[in-house]
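2 protein chains.
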Amino acid sequence: MNQEIAKKRMSSEERQDEIIRVAVELAADKGVDSVTTQDMADAMNLTQGAIFRHFATKNDIWFAVIVWVRERLMKVLDKAASDATDPLNAIERMFFAHIAFISKHPAIPRLLFSELLHKKNGKLRQLIEGIISGYEAKVAGLLDAAKSQSLVPDNLDSQSAAVLYIGMIQGLVMQSSIFGGKRALQQQAEKTFPIFLHGIKTRS
Amino acid sequence: MNQEIAKKRMSSEERQDEIIRVAVELAADKGVDSVTTQDMADAMNLTQGAIFRHFATKNDIWFAVIVWVRERLMKVLDKAASDATDPLNAIERMFFAHIAFISKHPAIPRLLFSELLHKKNGKLRQLIEGIISGYEAKVAGLLDAAKSQSLVPDNLDSQSAAVLYIGMIQGLVMQSSIFGGKRALQQQAEKTFPIFLHGIKTRS
DNA sequence: ATTAAGATAGCAATCAATTACTATCTTGGT
DNA sequence: ACCAAGATAGTAATTGATTGCTATCTTAAT
Numbered sequence: 001m002n003q004e005i006a007k008k009r010m011s012s013e014e015r016q017d018e019i020i021r022v023a024v025e026l027a028a029d030k031g032v033d034s035v036t037t038q039d040m041a042d043a044m045n046l047t048q049g050a051i052f053r054h055f056a057t058k059n060d061i062w063f064a065v066i067v068w069v070r071e072r073l074m075k076v077l078d079k080a081a082s083d084a085t086d087p088l089n090a091i092e093r094m095f096f097a098h099i100a101f102i103s104k105h106p107a108i109p110r111l112l113f114s115e116l117l118h119k120k121n122g123k124l125r126q127l128i129e130g131i132i133s134g135y136e137a138k139v140a141g142l143l144d145a146a147k148s149q150s151l152v153p154d155n156l157d158s159q160s161a162a163v164l165y166i167g168m169i170q171g172l173v174m175q176s177s178i179f180g181g182k183r184a185l186q187q188q189a190e191k192t193f194p195i196f197l198h199g200i201k202t203r204s
Numbered sequence: 001m002n003q004e005i006a007k008k009r010m011s012s013e014e015r016q017d018e019i020i021r022v023a024v025e026l027a028a029d030k031g032v033d034s035v036t037t038q039d040m041a042d043a044m045n046l047t048q049g050a051i052f053r054h055f056a057t058k059n060d061i062w063f064a065v066i067v068w069v070r071e072r073l074m075k076v077l078d079k080a081a082s083d084a085t086d087p088l089n090a091i092e093r094m095f096f097a098h099i100a101f102i103s104k105h106p107a108i109p110r111l112l113f114s115e116l117l118h119k120k121n122g123k124l125r126q127l128i129e130g131i132i133s134g135y136e137a138k139v140a141g142l143l144d145a146a147k148s149q150s151l152v153p154d155n156l157d158s159q160s161a162a163v164l165y166i167g168m169i170q171g172l173v174m175q176s177s178i179f180g181g182k183r184a185l186q187q188q189a190e191k192t193f194p195i196f197l198h199g200i201k202t203r204s
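Line by line, the protein sequences are chains A and B.
Letter 93 of the first sequence, counting from 1, is numbered 93 in the working numbering, and no numbers are missing.
Letter 193 of the second sequence, counting from 1, is numbered 193 in the working numbering, and no numbers are missing.
Here is the structure:
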């Protein structure tokens, strides 16, 4: 019953998209490093060699995956920030948008925060570094804007607060990775954010 | 010139220690998954097969590594906490002891926080989960003690604050992994901790 | 002389990547 | 419309390198 379907011939662009999608899925289950081109091929009813009609090397696949993630994530974050009433509210909306994004794509943090980072590799590491430092700069910028509106004290170190912000996401991801699932992630996030928020607000 | 040195025969126990030490070092450079038994053997002027005179499987090596890390880290943390004057001070001392420990062994966070985490579910994962959840419980316990001394408000969610605490460490590690080295890690830690501390202190 | 550590060599499995070939789609000249 | 010619996606098989691990021999230390 299931033999005839999915035997179509697709354009290279469509196949590239499918490979990226499948790679993300598999990375969620087995971890990035243990996903083989054979796994990808199996997951899309294709032969292993066919993968290399669409990507020159396996590394190029992961590069494309990261680019895909970047575009998706940035789109979500930008939209969340644009709906905000003030800089602090923008940070809060971005945070929960990010948590929701992770809930939908559990593989993402693994891609960004773990293995590929210390892969002495050139392009991949640079790309991920760019995403994270760009994210950090965005948060720090919002905090500076909050300063000028006296929403946070002037003597707050924006960059350090941004580090804490990103760390909070990492901590929540790890927490939900060890214990519960999506539901727990959202719930934990709602309880953790106020502590961070209070940490950056007016000090003695 | 370099042929005759390091040709000693060692006891199995000594070799096990050296294998563990070398494994930690190599994991810092190349990442855990990409360290092969051949790499370890090369790093200690030994044959690859000789490794298996001292460990039955490669997995056993990583297990021993994690156990080694746990003992070292817990020892450092316990000592830091025992010198403290009050629960909040204990958390602060533990934090900076942890940061100093990481500065000395940059491979550790990678072992605990990244790759091995999403390694299906074996003994390794269980061991790491135990370390982290134990750590979290310890911080949460100190926060509860701080409540009874009115150092932090009663309505603080201890577990969420502990998640933020661990996330702060993760964020700092990633920050220093992307940018500077040890110096930057210590400096950043000193600027970030006060934000966390203010976050858990008395609220409006 | 006995024993345990290390050397040498090799196995079976797995991996990314390449090859030679086939099937299918696209296109341009008549 | 037609239909050969080229382009492109896919298959099947194989390559060369690497992996964890093992069987057998060699040597050093007690």
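For every residue, glycine included, the Cβ atom is placed at its ideal position computed from N, Cα and C.
Go ahead and pull the three-state DSSP assignment for residue i.
i	result
B:His198	helix
A:Gly31	coil
B:Met10	coil
B:Thr37	helix
B:Thr205	Residue 205 of chain B is absent from the model: chain B starts at 1 and stops at 204.
A:Gln186	helix
B:Asn89	helix
A:Leu209	Chain A is shown from 1 up to 204; residue 209 of chain A falls before or after that span and cannot be answered.
A:Gln149	coil
A:His227	As displayed, chain A neither begins before 1 nor continues past 204, which places residue 227 of chain A out of reach and without an answer.
B:Gly134	helix
B:Gly180	coil
B:Asp78	helix
B:Asp157	coil
B:Ala84	coil
A:Leu143	helix
B:Thr192	helix
B:Glu203	Contrary to the premise, residue 203 of chain B reads as Arg rather than Glu in this sequence. Here B:Arg203 sits in coil by DSSP.
B:Gly167	helix
I'd like to know whether the C-beta of residue i is nearer than 8 Å to at least one C-beta of chain A.
i	result
B:Arg203	yes
B:Thr192	yes
B:Gly171	yes
To which residues of the same chain is residue i closer than 6 Å at the C-beta, ignoring the five residues directly before and after it?
i	result
A:Pro87	Leu142, Ala145 and Ala146
Within 10 angstroms of its Cβ, does residue i collect 16 or more other Cβ (buried), or is it exposed?
i	result
A:Thr37	buried
A:Ser176	buried
A:Phe179	exposed
B:Ala189	buried
B:Met10	exposed
B:Arg183	exposed
A:Glu71	exposed
B:Glu136	buried
B:Ser12	exposed
B:Ser158	buried
B:Gln170	buried
B:Ala107	buried
A:Gly122	exposed
B:Gly199	buried
B:Ala56	exposed
With a cut-off of 8 Å, does the C-beta of residue i fall near any C-beta of chain B?
i	result
A:Ser103	no
A:Glu129	yes
A:Met94	no
A:Gly167	yes
A:His198	yes
A:Ile108	no
A:Gln126	no
A:Ser11	no
A:Ser82	no
A:Ile195	yes
A:Ile91	no
A:Ile132	yes
Excluding five sequence neighbours on each side, which residues of the same chain lie with their C-beta closer than 7 Å to the C-beta of residue i?
i	result
B:Ser160	none
B:Ala80	Arg93, Met94 and Ala97
A:Ile51	Ile19, Thr37, Met40 and Ala41
B:Thr192	Met168 and Leu172
A:Val22	Met40, Ala43 and Met44
B:Val139	Ile91, Ala162 and Tyr165
Who are the near neighbours of residue i in its chain, counting only those whose CB is closer than 8 Å to its CB and skipping five residues on each side?
i	result
A:Val67	Leu127
A:Ala90	Ala80, Ala81, Ala84 and Leu142
A:Arg110	Ala27, Ala28, Gly31 and Val32
Next item on the list: Please list the residues of the stretch 149-165 of chain B that have a C-beta atom closer than 7 Å to any C-beta atom in chain A, keeping them in chain order.
Entry: Asp157, Ser160, Ala161, Val163 and Leu164
Margin query: Beta carbons nearer than 7 Å to chain B: which residues of the stretch 17-42 of chain A have them?
Written below: Gly31 and Asp33
Note to self: To be precise: take each residue of the stretch 53-77 of chain A, compare its Cβ to all Cβ atoms of chain B, and keep it if any distance is under 7 Å. Which residues remain?
What the structure shows: Against chain B - using a Cβ distance shorter than 7 Å - the stretch 53-77 of chain A contributes no residues.
Checklist line | Near-chain A residues of the stretch 175-187 of chain B - C-beta to any C-beta below 9 Å | finding: Gln175, Ser177, Ile178 and Phe179
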